[in-house]
Each structure stands twice: as structure tokens, then as C-alpha cells.
Amino acid sequence: MELKPRQLKETKELNLNAIYQDIEPELEAVENCLESLTSSSHPFLAEINSFLFRKKGKRLRPALVILSSRLFGYQGQDHILMASLVECIHTASLIHDDIVDNSRFRRGQPTLHACWGTNLSVLLGDHLYIQAINLLLQSNHDAIIRLLSRAVSQMIEGEINEFLMSNNFDLSEEQYLEIIRKKTASLFEASCAIGGLLAGAGEEQLYLINKFGSYLGLAFQIIDDLLDYLGDENILGKPTFSDLNEGRITLPLIHSLNCNGHPYREKIIELARIRPLGEKEKEEILALLAQSSSFDYSFEKARELVAKCHEVLAKLPFSGYRQSLEGLADYILYRNR
0 MELKPRQLKE
10 TKELNLNAIY
20 QDIEPELEAV
30 ENCLESLTSS
40 SHPFLAEINS
50 FLFRKKGKRL
60 RPALVILSSR
70 LFGYQGQDHI
80 LMASLVECIH
90 TASLIHDDIV
100 DNSRFRRGQP
110 TLHACWGTNL
120 SVLLGDHLYI
130 QAINLLLQSN
140 HDAIIRLLSR
150 AVSQMIEGEI
160 NEFLMSNNFD
170 LSEEQYLEII
180 RKKTASLFEA
190 SCAIGGLLAG
200 AGEEQLYLIN
210 KFGSYLGLAF
220 QIIDDLLDYL
230 GDENILGKPT
240 FSDLNEGRIT
250 LPLIHSLNCN
260 GHPYREKIIE
270 LARIRPLGEK
280 EKEEILALLA
290 QSSSFDYSFE
300 KARELVAKCH
310 EVLAKLPFSG
320 YRQSLEGLAD
330 YILYRNR
């Protein structure tokens, strides 16, 4: 059975630039702020920071800070610094993630540890975390300090739990969702909450925007895990099957292994244990997971979460910023990278 990249029941293309149109000047201000925050008189650190931030990601988390703050009528400028700090924290987490996962490529370029080694990369990730924390402590937003501290703690706990569950073929869907809630959704939720706190949003509004961020982060990670099986490596900028090669058990595999009466459970486990996975094994795994409709099941789970995002947003004030958040939710569902 031949599977094309992103072969799911429904796909459509959404333009992230169009979604960001109303906040483009603010995102540009975030880029300038990141450049300033990560500047260093130390030549090597300056080189590393340039390496880290020259290849832009999707800037989803900074966009969430900006859009959430504007949604609730914020008129100040602190959201630019906060959006930049969130991106610093995210980037530091990626440095450590790539070390743990032994990832050699991200965003189409070699990872930090692939270029400079593990020992130095651990220190550089720590350095970026400390830079962000020091700047955060200089702010006058105690609630945001507590919020981000809790989010980072949850991210680390999620990563630890994922590592401890490596190669555990009995991992349940509930355990998987709890792992990704902590390691991924916690920072999405915090990004949205920061915007609400800056704007002085009410308790109910904060509750709703937090839920939106959590649902969005869960959907993002499920799609990320789907793309690891079905994505186009040239678009992803990294090899497919990276998760399984590192022992990470994600939703498509969990669903297939737990399908009632799946006749090939032991065969799937046998294939999934092979290191490194060759093209033949990959094709067999893809065919078996497709046979159990596990890719479509995972996509439907992400779709349900995005539908919840829209339900939450419908209870918040209508504006162009809310429309951008709605567009961002749809983008996350249908993205190809």
C-alpha cells in the first residue's frame, strides 16, 4: 500500500502570513527584541544566538501572546517583551529536546548539538533559559512570573515522563495526552494567559483563553506526531519516523496497538523495535497503521480539539484578533510542517 505524505481524509491549505497580517508589525518588533535580548559581547555566544534565531519558526507562541492581549483590548507594549521571552523559552526547550531525542536536523538545518556537541549544547540551552528568566524577573508582572515558572516546570515534567515511557508499547491514549498536555500544551496555554493577564481580562475570560491555548497545544502536538509518519521530509526539514526511531510512542501507534482484534499487533511491535528503521520497515508500519485507520483517528482527535477551540472563541469578544486566532486554530490542523 502506497501512502502519500499527509494522506488523510481531508486537507486544505491555510496561509500563516495572511493570519498574521494584522500583527505583522508587532511580530517584527518581537524579532528585533529577540535580537536585542540575545545579543552578547561574548563572540561565541553572539554566533550561537545568531544561529538559533536566523531560521525563523512559525512564531506561534509569540503570536498567541500578541493576539490574546489585543483580543482583550491591551494597548501597551509589554506584550512584545513577553512574546519574545516565550520564544526564548521555547527555543531553549528545543535545544534540550534535540539532545534528548538525538535529532540532527530542525527547520532544515543541523541542530545545535549536531554542530557543537552535546556538552556545549546543554550549557547553551541553560544559558538561554537563564537569559529569559533574568529578564522576566526584571518585569513588574508577578502573576506572569508565576505562570511561566509553572509552565516551564510542566514542560520539563512532560519531557521526563515521555522519556520514561520510551518504547512502552502499553502506553495508553490517556497517558499520551497527559504527556503532551505538559510538554507542549502548557506553553501554548501560558502564552494565551499572558495576553489576558496583560490586558486585565476577567476571571471568565482568562479561563476561556486558557482553555483555548490548551486545546490548541494538544491539537498541535497530535498533528506534529502525525506528520512524523506522513509528512514530506523536504517540507518538514527533518527525517520522518524520528519519534519511533527514538522510542517515542505517539497516538497513531497507540491507536493501532489498541484496536480491538487487530491481527498484526505483535508484528507492529516487532517492526517498531528495529533500530534504525529502514525504508522497508517504515512502509510496512505505514501500511499496518493505515489498515487500522489510525492516521484518520488521530486526525479526527485533533479536529475535535480544534472544534473546541472555536467553541471557546465564540464566547469571547468578536474582532479581527479573534478571527486571527480562529485562523490559527485551522492552520494548526491543516499544516504540513
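In terms of numbering that gives the first Met the number 0, the sequence shown opens at residue 0 and continues consecutively. For every residue, glycine included, the Cβ atom is placed at its ideal position computed from N, Cα and C.
Start and end of the alpha helix (DSSP H) containing residue i?
i: Ile179; result: 172-179
i: His254; result: 250-257
i: Ala271; result: 264-271
i: Arg60; result: 59-70
i: Thr183; result: No alpha helix (DSSP H) contains Thr183, which DSSP labels as neither H nor E.
i: Phe240; result: First-last for Phe240: undefined, no H or E at that position.
i: Met164; result: Here Met164 belongs to no alpha helix (DSSP H), and DSSP marks it neither H nor E.
i: His140; result: Per DSSP, His140 belongs to no alpha helix (DSSP H) and is neither H nor E.
i: Lys281; result: 278-290
i: Pro24; result: 23-36
i: Gln220; result: 202-229
i: Ser49; result: 42-53
i: Glu303; result: 293-312
i: Asn14; result: Looking at the DSSP string, Asn14 is not in any alpha helix (DSSP H), and its letter there is neither H nor E.
Quick one: what's residue i bridged to in DSSP?
i: Arg321; result: Paired residues: none, contrary to the question.
i: Pro109; result: Phe104
Could you compute how far the alpha carbon of residue i sits from the alpha carbon of residue j?
i: Ile268; j: Asn167; result: 10 Å
i: Glu303; j: Val64; result: 23 Å
i: Ala198; j: Gln290; result: 49 Å
i: Leu205; j: Val311; result: 11 Å
i: Glu202; j: Gly194; result: 13 Å
i: Tyr214; j: Ile248; result: 21 Å
i: Ile29; j: Ile331; result: First, the residue type needs correcting, since residue 29 is Val and not Ile in the sequence shown. Taking the straight line joining both Cα atoms gives about 21 Å.
i: Leu51; j: His41; result: 15 Å
i: Arg336; j: Glu299; result: 18 Å
i: Tyr263; j: Tyr228; result: 18 Å
i: Ala82; j: Lys314; result: 24 Å
i: Phe43; j: Gln322; result: 42 Å
i: Leu250; j: Arg103; result: 23 Å
i: Leu337; j: Leu196; result: Past the boundaries of the shown model lies residue 337; the chain is included only from 0 to 336, so the question cannot be answered.
i: Ala379; j: Glu156; result: Here the chain has residues from 0 to 336 only, and residue 379 is not among them.
i: Ile98; j: Leu327; result: 29 Å
i: Thr110; j: Asp295; result: 31 Å
i: Thr37; j: Asp77; result: 18 Å
i: Ser297; j: Arg272; result: 22 Å
i: Ser190; j: Ile284; result: 36 Å
i: Gly216; j: Glu161; result: 16 Å
i: Asp242; j: Pro275; result: 11 Å
Quick one: using the 10 Å Cβ neighbour count with 16 as the cut-off for buried, is residue i buried or exposed?
i: Phe317; result: exposed
i: Pro61; result: buried
i: Asn48; result: buried
i: Gly124; result: buried
i: Phe211; result: buried
i: Ala45; result: exposed
i: Gly107; result: exposed
i: Ile88; result: buried
i: Arg69; result: buried
i: Glu158; result: buried
i: Cys114; result: exposed
i: Phe240; result: buried
i: Ala142; result: exposed
i: Asp169; result: exposed
i: Ser138; result: exposed
i: Ala17; result: exposed
i: Gly230; result: buried
i: Leu324; result: buried
i: Ala91; result: buried
i: Lys279; result: exposed
i: Lys181; result: buried
i: Asn209; result: buried
i: Leu163; result: exposed
i: Arg334; result: buried
i: Phe286; result: The displayed chain sequence assigns Ala, not Phe, to residue 286. Ala286 is exposed by the Cβ-count criterion.
i: Glu173; result: exposed
i: Gln337; result: For the chain, the structure presents residues 0 to 336; residue 337 sits outside this window and is missing.
i: Arg149; result: exposed
Between residue i and chain D, is there a C-beta pair that is closer than 8 Å?
i: Leu250; result: Included in the structure is just one protein chain, with no chain D present.
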